[in-house]
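Under numbering that gives the first Met the number 0, the first residue of the sequence shown is numbered 0, with each subsequent residue one higher. All residues carry an ideal CB built from backbone N, CA and C; glycine is no exception. Encoded as C-alpha cells, the structure appears first; notes follow it.
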Amino acid sequence: MLGRPTETAVAGLVMLIILQAVMLASLFAGVAPHPPTKIPLGGIGPILGASFAVAAAAILLGPVTSGAGRVFALLAVVIALLSFGPQKYLDTQFPLIWPAVLLGQVSAIMVLVSIFIRPTQKPMG
C-alpha cells in the first residue's frame, strides 16, 4: 500500500465518494437504511455535498503531492467519518450498515496512511 501513496489515496477518496453517493441516493429514494436528513451538525445533504467537493479537489490537486491536496484529503476523511466512524458501532442500525461502515473506515485509513506515512526507499545493491 505504501509503495504507491498517490494511487492509494486516490482510491480511498474515490471509495469514500462512492459510498457517500450511494447513501445520499438511498436517502433521496427513501430506501432503508439511509442516513437521517438532519444530524447535529446540520443537514446531511449539504455535508455530503461538501465531502464530495473536498474529495474531488484533493484528487485534482494531488492528495499526497501538494499541501492543499493533503488538506482537502484530510478534510474529506474527517467529514466521511461522521458517517462511517467508530461511533457507528454503537448505532442501532449497525447490523444493516456494517459493510459501508467498515469500507468507509478502510478507505479513511488508506487516505490517512498515504498522507502521513512516507514510504522509505531501500538502497539498491
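Between residue i and residue j, how many whole angstroms is the CB-CB distance? I'm expecting something under 8 Å.
i, j, result
"Val100", "Phe83", "5 Å"
"Ile43", "Leu26", "7 Å"
"Val110", "Gly11", "4 Å"
"Leu15", "Gly103", "7 Å"
"Ile189", "Ser50", "What the structure shows of the chain is the stretch from 0 to 124, and residue 189 is not part of that stretch, so it cannot be assessed."
Starting from residue i and walking both ways along the alpha helix (DSSP H), at which residues does that stretch end?
i, result
"Thr91", "From DSSP, Thr91 is part of no alpha helix (DSSP H); its letter is neither H nor E."
"Pro4", "Pro4 to Ala28"
Nearest CA to the CA of residue i: which residue from the options?
i, options, result
"Val53", "Ala20, Val63 and Leu73", "Leu73"
"Ala8", "Pro62, Ala55 and Phe27", "Pro62"
"Leu18", "Ile114, Ile58 and His33", "His33"
"Asp90", "Ile108, Thr64, Val112 and Pro35", "Pro35"
**Message:** As an exercise, report each continuous alpha helix (DSSP H) stretch of at least 4 residues that is fully enclosed by the stretch 38 to 70, in chain order.
**Reply:** 43 to 60
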